[in-house]
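Here's the structure, in structure tokens; my notes come after.
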Amino acid sequence: MSISHSEKAALRGEPSYVWRAGQDRRMQMIRQAAEERVNGIVFEIGVGLGAYLSRLAQESQQAIGLDIEHERTRETHKFVDQVLCGVGEFLPFPDNSFDLILSNEVLEHVQNDVKSIQEMVRTLKPGGRLALFCPNRGYPFETHGIYWRGNYKFGNIPLVNYLPDPWRNKLVPHVRAYSRKQLKQLFAGLPVKFIQKSIIFGAYDNIIARKPAFGRILRSLLQFLEKTPFQVFGLSHFWVVEKL
């Protein structure tokens, strides 16, 4: 049975359709995290429409992507040749394949996040790095909406992430959000070290498009808070993990 676009968006997220300041900032963070590995073999899990991978492909020896949506992989072939349809829990690659893996707001959507992390670590080369973005449980809004009375209600829903797990999981069964402790537990027993564990706010490009002055002040203020203890309220975790 086919599912609607809105159901797909709720279950699997929406890719980047427009390249703006927020995407550009994350791209810079990815390059800094990768260092010289960006020139090696690069893999993105959950490639979407290829906005990030197509840029990494300009610098890399080889760029490979994977997405669960077959339609997206067909679109991405316009920009990157090697894009496969598959799932993160079963990566069709040998051990020690990649210098850099990018997972950008994808982990929260997979069926088994523990298995997906294990697969990413397995396919990294020793010394290779994973650049991981995923939702922060401390953010005051649930950006993926909620499931209410049989329907998805989209938008930024306040305070949902602060509910106890049983209540939150009932309202948001389609997506996870992680505390630092929960995220670290996914790597338990794996041969990795943590290069960076940070929390970032968004770029708020949509607000800036509607109210430029207010939006830029908001962006500057919130991104300043990333350097303070108030980062715990940020939008996303950004972790850089290196395989030993």
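Counting in our numbering, the sequence shown runs from 311 upward without gaps.
Cβ coordinates follow ideal geometry from the N, Cα and C atoms, glycine included.
Short of 7 Å in beta carbon distance, which residues of its chain neighbour isoleucine 467, apart from the five on each side in sequence? Order them along the chain. By 1-based counting over the sequence shown, the position of residue 467 is 157. If we look at isoleucine 467 and ignore the five residues flanking it on each side, its Cβ neighbours are Phe451, Glu452, Gly455, Ile456.
Beta-bridge partners of glutamine 372, as assigned by DSSP: Looking up residue 372 in the sequence shown gives position 62. Per DSSP, Ile351.
Applying the criterion that 16 or more other CB atoms from any shown protein chain within 10 Å of the CB defines a buried residue, is glycine 465 buried or exposed? On the sequence shown, position 155 is the one that residue 465 refers to. Exposed is the call here.
Quick one: grab the DSSP three-state call for tyrosine 457. Numbered from its first residue, the sequence shown carries residue 457 at position 147. It is a strand residue.
Report back the beta-carbon spacing between histidine 419 and valine 485 to the nearest angstrom; my notes put them in contact at under 8 Å. Here residue 419 is taken as the residue at index 109 of the sequence shown, counted from 1. Here residue 485 is taken as the residue at index 175 of the sequence shown, counted from 1. Indeed, because the Cβ distance is near 6 Å, the residues count as touching under 8 Å.
With 16 as the cutoff for other CB atoms within 10 Å, does cysteine 395 come out buried or exposed? Locating residue 395 in the sequence shown gives position 85, counting from the first residue. Exposed is the call here.
Just to confirm before moving on: does the CB-CB distance between alanine 367 and arginine 439 stay below 8 Å? Residue 367 sits at position 57 when you count from the first residue of the sequence shown. Residue 439 sits at position 129 when you count from the first residue of the sequence shown. No, they are not a contact pair.
Helix, strand or coil: which one does DSSP assign to proline 468? To locate residue 468, count along the sequence shown from 1; it is residue 158. Correct three-state label for proline 468: strand.
Can you check whether the CB of glycine 360 is closer than 8 Å to the CB of glycine 375? Here residue 375 refers to the residue found at position 65 of the sequence shown. Here residue 360 refers to the residue found at position 50 of the sequence shown. Yes.
Leucine 493 versus valine 390 - alpha carbon distance: In the sequence shown, residue 493 corresponds to position 183, counting from 1. In the sequence shown, residue 390 corresponds to position 80, counting from 1. Using only the alpha carbons, I get a separation of about 30 Å.
Could you spell out where the alpha helix (DSSP H) holding histidine 484 opens and where it closes? Position 174 of the sequence shown holds residue 484. Counting along the chain, histidine 484 falls outside any alpha helix (DSSP H), and DSSP gives it neither H nor E.
Rounded to whole angstroms, what is the Cα-Cα separation between leucine 469 and valine 416? The residue given as residue 469 occupies position 159 in the sequence shown. The residue given as residue 416 occupies position 106 in the sequence shown. The alpha-carbon atoms of leucine 469 and valine 416 are separated by roughly 22 Å.
Report whether the distance from the Cβ of arginine 459 to the nearest heavy atom of the ligand GDP is below 7 Å. Inclusion of the ligand GDP in the displayed structure is not the case, the ligand content being empty and no account of it being possible.
As assigned by DSSP and simplified to three states, the class of glutamate 552: Residue numbering aside, residue 552 sits at position 242 when the sequence shown is read from its first letter. Reduced to three states, the DSSP call for glutamate 552 is strand.
For alanine 513, is the classification buried or exposed, using 16 other Cβ atoms within 10 angstroms of its Cβ as the cut-off for buried? Locating residue 513 in the sequence shown gives position 203, counting from the first residue. Classification for alanine 513: buried.
Can you tell me the Cα-Cα spacing of glutamate 346 and glutamate 379, whole angstroms? Indexing the sequence shown from 1 puts residue 346 at position 36. Indexing the sequence shown from 1 puts residue 379 at position 69. If I take the Cα positions, the gap works out to 31 Å.
Let's test the definition: count the other Cβ atoms within 10 Å of the Cβ of phenylalanine 504 and tell me whether it reaches 16, buried, or not, exposed. Taking the first residue of the sequence shown as 1, we reach residue 504 at position 194. It counts as exposed.
How close, in whole Å, do the beta carbons of glycine 350 and arginine 382 come, if the pair is a contact with beta carbons under 8 Å? Taking the sequence shown and counting its residues from 1, the one referred to as residue 350 is at position 40. Taking the sequence shown and counting its residues from 1, the one referred to as residue 382 is at position 72. No, glycine 350 and arginine 382 are not in contact; Cβ-Cβ is about 25 Å, not under 8 Å.
Report yes if the C-beta distance between asparagine 446 and alanine 498 is below 8 Å; otherwise report no. As a first step, residue 446 is located in the sequence shown; it is residue number 136 there, counting from the start. As a first step, residue 498 is located in the sequence shown; it is residue number 188 there, counting from the start. Not in contact: asparagine 446 and alanine 498 (Cβ atoms no closer than 8 Å).
Let me know the secondary structure DSSP gives valine 328 once reduced to three states. Counted from its first residue, the sequence shown places residue 328 at position 18. DSSP places valine 328 in coil when its eight states are reduced to three.
Would you list the residues sitting across from glutamine 556 in a DSSP beta bridge? No information on residue 556 is available, as it lies outside the stretch 311 to 554 that the chain covers here.
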